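Notes to accompany the following structure.
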Amino acid sequence: MWDYTEEVMEHYRNPRNVGKIDDADAIGEAGSLACGDALKIYLKIDKNNIVTDAKFQTFGCGSAVASSSILTEMIIGKPLDEVKKITNKDIADKLGGLPPEKMHCSVMGHEALENALENFTTGGKTKAVKDKMVCTCFSVTEHQILSAIKENKLKTLEEVTNYTKAGGACGHCKDNIQAILDKHYHIKHEEEKPKLTQTQKIIKINNIIENQISPELRKDGGDIELIDIDGDNVYVKLRGSCAGCKNSTLTLKSFVESTLRETLGNEIEVIEVQK
Amino acid sequence: MKDRCIVYLDNNATTKIDKLVLDEMLPYLEKYYGNASSIYSFGGVSAKAIATAREQVRDFVGAKDTKEIIFTASGSEAANTAIRGVLSSDKTKKHIITTKVEHPCVLNLYQTLEKQGYKVDYIGVNSNGELDLDALENAVSEDTALVSAMWANNETGVIFPIKQISEIVKSKNQDTKLFVDAVQAAGKIPMDVEENGIDLLAISGHKFHAPKGIGALYVKSGTSISPLIIGGHQERGKRAGTENVPYIVGIGKAAELAKEGLEYEATEVKRLRDKLETSILKTVFNARLNTSLVNRVPNTTNIGFEYVEGELILLHLSDMGICASSGSACTSGSLEPSHVLKAMGIPFTALHGSTRFSLSRFTTEKEIDYVINIMPRIIDKLTAISPFQDELAQLRKHKA
Chain A
1 MWDYTEEVME HYRNPRNVGK IDDADAIGEA GSLACGDALK IYLKIDKNNI VTDAKFQTFG
61 CGSAVASSSI LTEMIIGKPL DEVKKITNKD IADKLGGLPP EKMHCSVMGH EALENALENF
121 TTGGKTKAVK DKMVCTCFSV TEHQILSAIK ENKLKTLEEV TNYTKAGGAC GHCKDNIQAI
181 LDKHYHIKHE EEKPKLTQTQ KIIKINNIIE NQISPELRKD GGDIELIDID GDNVYVKLRG
241 SCAGCKNSTL TLKSFVESTL RETLGNEIEV IEVQK
Chain B
1001 MKDRCIVYLD NNATTKIDKL VLDEMLPYLE KYYGNASSIY SFGGVSAKAI ATAREQVRDF
1061 VGAKDTKEII FTASGSEAAN TAIRGVLSSD KTKKHIITTK VEHPCVLNLY QTLEKQGYKV
1121 DYIGVNSNGE LDLDALENAV SEDTALVSAM WANNETGVIF PIKQISEIVK SKNQDTKLFV
1181 DAVQAAGKIP MDVEENGIDL LAISGHKFHA PKGIGALYVK SGTSISPLII GGHQERGKRA
1241 GTENVPYIVG IGKAAELAKE GLEYEATEVK RLRDKLETSI LKTVFNARLN TSLVNRVPNT
1301 TNIGFEYVEG ELILLHLSDM GICASSGSAC TSGSLEPSHV LKAMGIPFTA LHGSTRFSLS
1361 RFTTEKEIDY VINIMPRIID KLTAISPFQD ELAQLRKHKA
């Protein structure tokens, strides 16, 4: 038996704002049937950017329904600027807390909201895939894991699983999650070190690209060229079979950028120059 | 929160202590506290009570001799004693065969043994939960020390053909031992270790109206096992520790009553289970049977409510005073849904909404009617929250 708060019980017993909005201005989704919880959220947003109505449909456990239900109450009548600031922790707090193993329900609520807001700003166009899938069982990406770590100050693998479900099934990705944790805290630690001068930075970046990244890409018949460095922005051009490759964004972000970040810190941003 | 359960339909999880069992036990808690190993006659009272209980359990499992019965503190301990006991008595053999649908208490032990260098084959089941006997036959080899199969499945109630399994195993390797986890069969179907060719068998008292904290292991004469708990000479050196006399008395009495009640299980309990099952499948549009229609213990049903999540169903049932259980991931704290239903290939749509109802000889018709009446209302409320409205509409049309 879970130790649910009165608030959680009240919301799964009598969920508020259940249903769909046919002419919704934004729809957000999170989770999937296979994963055991799925959530759809519908928003009505007026010309002053105020959320005038919100409805939800949830397939999930008691705390998933409660998280969705209270989220709709938290956002109705609020301006978008305020809604954007809501975190998964706010949802859990509003419910008087959730059992640690159930924190992923609040994360899912937050993800659906984020998804809805993103769809609203991009007009329904989906964002380019630039994220690395870490847990294939529950479809959890590196970005999702990192933001859960940052927002909730997660320290251990078990906490990451409680908050994101990542690593909770086959367990094959546990090492990767641990690596994300290690990297996150390691880099934070490094940030405290004195910063490199711009010239030192340029030399380092050049060396890493020439000695580490380029040889790897050449193995696959591609290559990379360093075009310019402006502050933390590294401009590169992909060549050979890398250029125009569907996965080029993935290559840039998950390989080039992460390799550079290992040495130079998290602020490094790799940008592809097309022509 | 309502603490008092009105309708208890979770008897595969645990059962209530039969008043007759408790009455037998109480004198050994209050009055006869003597150590059964002592020489004076006050200790002899305890020794005699244990002997009676051992005879009752012998009769319950169909063993030849009371020497073949070892009392343990739980079903898990009985299983661990059997499995580790067989393996460590002959360390040259490194192969084990079990099934994909065993209880976690056994599965987790095999996973540990794998890390210690054992090779374990996990035999699968079909969509009815029936064991792949051909795969079993092919798996048995010279090196197979142990075959381990449950008699009845805790989640679906599906019965494995133990006699046939024994024949298959022994025809390929006489020396391979057969361990049967009979925790969910005890008190539900007749058990006869001799008739079924079983070498070792584990039962747990609290699944058939004895208290928690007492189990028993049958070890066929001539089967060599090393003890798990080493110390005193109790249980003929196979399980050290001063005998838990009142609980041993309890499991003995419970075994006697369970054997007497088998006929009632097969008729009345089955009738009520079938009534519950057929009514729900008829009246609830998204209900589907997650288990075999035949080959099942009489008290268990497992129904999947499609596109609704199991924990949410249990919470709403609980609000109505009904205790049941689910194979949903959310109920366990683990994030994975039931390994049993997954092995059967139950679709995701029904997997997460699986609900198990398990009856006992104390279940009444009034209780069953109450659940039959409430179930459609709960499911109607919960399907209204589901994001899969199109799929649900499809199911509704199909049913109509």
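Protein chains in written order, with my numbering: chain A, 1 to 275; chain B, 1001 to 1400. For each residue, glycine too, the CB sits at the ideal point set by N, CA and C. Note that the structure is predicted; figures quoted are calculated from it, not measured.
What residue range does the beta strand (DSSP E) around residue i cover?
i: Asp1121 (chain B); result: Lys1119 to Ile1123
i: Val1451 (chain B); result: The structure shown has nothing for residue 1451 (chain B), since chain B only spans 1001 to 1400.
i: Gly1215 (chain B); result: Gly1215 to Val1219
i: His1209 (chain B); result: Careful: His1209 (chain B) lies outside any beta strand (DSSP E) and carries neither H nor E.
i: His1316 (chain B); result: Premise fails: His1316 (chain B) lies in the alpha helix (DSSP H), Gly1310 to Asp1319, not in any beta strand (DSSP E).
i: Gly31 (chain A); result: Ala26 to Ser32
i: Arg1356 (chain B); result: Ser1354 to Ser1358
i: Ser1204 (chain B); result: Leu1200 to Ser1204
i: Asp230 (chain A); result: Gly222 to Asp230
For residue i and residue j, I'd like the C-alpha separation in whole angstroms.
i: Ala1079 (chain B); j: Gly62 (chain A); result: 35 Å
i: Thr164 (chain A); j: Glu1309 (chain B); result: 18 Å
i: Tyr1008 (chain B); j: Lys1100 (chain B); result: 29 Å
i: Lys84 (chain A); j: Arg16 (chain A); result: 21 Å
i: Leu1262 (chain B); j: Lys1067 (chain B); result: 25 Å
i: Lys253 (chain A); j: Leu146 (chain A); result: 15 Å
i: Glu159 (chain A); j: Glu101 (chain A); result: 8 Å
i: Asp81 (chain A); j: Phe56 (chain A); result: 21 Å
i: Asp37 (chain A); j: Ala166 (chain A); result: 14 Å
i: Ala1343 (chain B); j: Pro1027 (chain B); result: 47 Å
i: Gly1241 (chain B); j: Cys170 (chain A); result: 39 Å
i: Phe255 (chain A); j: Ala1185 (chain B); result: 55 Å
i: Asp1023 (chain B); j: Lys1253 (chain B); result: 10 Å
i: Glu1195 (chain B); j: Gln1164 (chain B); result: 11 Å
i: Arg1356 (chain B); j: Asn1011 (chain B); result: 10 Å
i: Arg1271 (chain B); j: Ile1368 (chain B); result: 11 Å
i: His110 (chain A); j: Ile86 (chain A); result: 8 Å
i: Glu191 (chain A); j: Ala179 (chain A); result: Residue placement at Glu191 (chain A) cannot be trusted, given a pLDDT of 49 that sits under 50; the coordinates are not used to answer.
i: Asp1121 (chain B); j: Thr1052 (chain B); result: 40 Å
i: Val1061 (chain B); j: Ile1378 (chain B); result: 41 Å
i: Phe120 (chain A); j: Leu113 (chain A); result: 11 Å
i: Met1025 (chain B); j: Gly1213 (chain B); result: 14 Å
i: Ala1266 (chain B); j: Thr1283 (chain B); result: 25 Å
i: Ala1258 (chain B); j: Leu1228 (chain B); result: 28 Å
i: Ile76 (chain A); j: His1206 (chain B); result: 51 Å
i: Leu1289 (chain B); j: Leu1281 (chain B); result: 7 Å
i: Ile1045 (chain B); j: Val1245 (chain B); result: Inspection of the sequence shows that residue 1045 (chain B) is occupied by Val rather than by Ile. Rounded to the nearest angstrom, the two C-alpha atoms are 10 Å apart.
Thinking C-beta only, is residue j closer than 8 Å to residue i?
i: Val134 (chain A); j: Asn176 (chain A); result: yes
i: Ile208 (chain A); j: Ile224 (chain A); result: no
i: Phe59 (chain A); j: Pro1161 (chain B); result: no
i: Thr1176 (chain B); j: Ala1139 (chain B); result: no
i: Ile1346 (chain B); j: Ser1326 (chain B); result: no
i: Ile1302 (chain B); j: Ser1354 (chain B); result: Here residue 1302 (chain B) is Asn; the residue named in the question, Ile, does not match the sequence. Yes, these two residues count as a Cβ contact at 8 Å.
i: Ser1338 (chain B); j: Glu1311 (chain B); result: no
i: Phe1179 (chain B); j: Asp1199 (chain B); result: yes
i: Ala1210 (chain B); j: Val1021 (chain B); result: yes
i: Val8 (chain A); j: Leu71 (chain A); result: no
Going by DSSP, what residue range makes up the alpha helix (DSSP H) through residue i?
i: Lys89 (chain A); result: Asn88 to Lys94
i: Tyr1370 (chain B); result: Glu1365 to Thr1383
i: Thr1052 (chain B); result: Ser1041 to Val1061
i: Asn1080 (chain B); result: Gly1075 to Ser1089
i: Tyr235 (chain A); result: Per DSSP, Tyr235 (chain A) belongs to no alpha helix (DSSP H); it is in the beta strand (DSSP E), Asn233 to Gly240.
i: Lys1275 (chain B); result: Lys1270 to Thr1283
Give me the chain B residues within the contact set of residue i, using Cβ-Cβ distance strictly less than 8 Å, ordered along the chain.
i: Lys40 (chain A); result: Pro1387
i: Thr58 (chain A); result: Ile1385, Ser1386 and Pro1387
i: Val18 (chain A); result: Ala1384 and Ile1385
At a CB-CB cut-off below 7 Å, which residues of chain A make contact with residue i?
i: Asp1405 (chain B); result: A query on residue 1405 (chain B) cannot be resolved here, the shown segment of chain B reaching from 1001 to 1400 and no further.
i: Leu1392 (chain B); result: Result: empty, since nearest Cβ-Cβ is about 10 Å, beyond 7 Å.
i: Leu1315 (chain B); result: Tyr12 and Gly62
List, in chain order, every chain A residue whose beta-carbon is nearer than 8 Å to that of residue i.
i: Ser1204 (chain B); result: None at all; the shortest Cβ gap to chain A is about 21 Å.
i: Leu1136 (chain B); result: None at all; the shortest Cβ gap to chain A is about 25 Å.
Counting only Cβ pairs nearer than 7 Å, list the residues of chain B close to residue i.
i: Ala34 (chain A); result: Phe1348
i: Thr72 (chain A); result: Under the 7 Å cutoff, chain B gives no residues; its nearest Cβ is about 12 Å from Thr72 (chain A).
i: Gly28 (chain A); result: Under the 7 Å cutoff, chain B gives no residues; its nearest Cβ is about 11 Å from Gly28 (chain A).
i: Val65 (chain A); result: Leu1312 and Ile1385
- Message: Which complete beta strand (DSSP E) runs does the segment 1114 to 1194 of chain B hold, if anything under 3 residues is left out?
- Response: 1119 to 1123, 1144 to 1150 and 1177 to 1181
- Query: Residue ranges of each alpha helix (DSSP H) run of no fewer than 4 residues wholly in the segment 106 to 173 of chain A, ordered along the chain?
  - Reply: 142 to 152 and 157 to 164
- Item | Continuous alpha helix (DSSP H) assignments of at least 4 residues falling wholly in the segment 48 to 82 of chain A | 62 to 75
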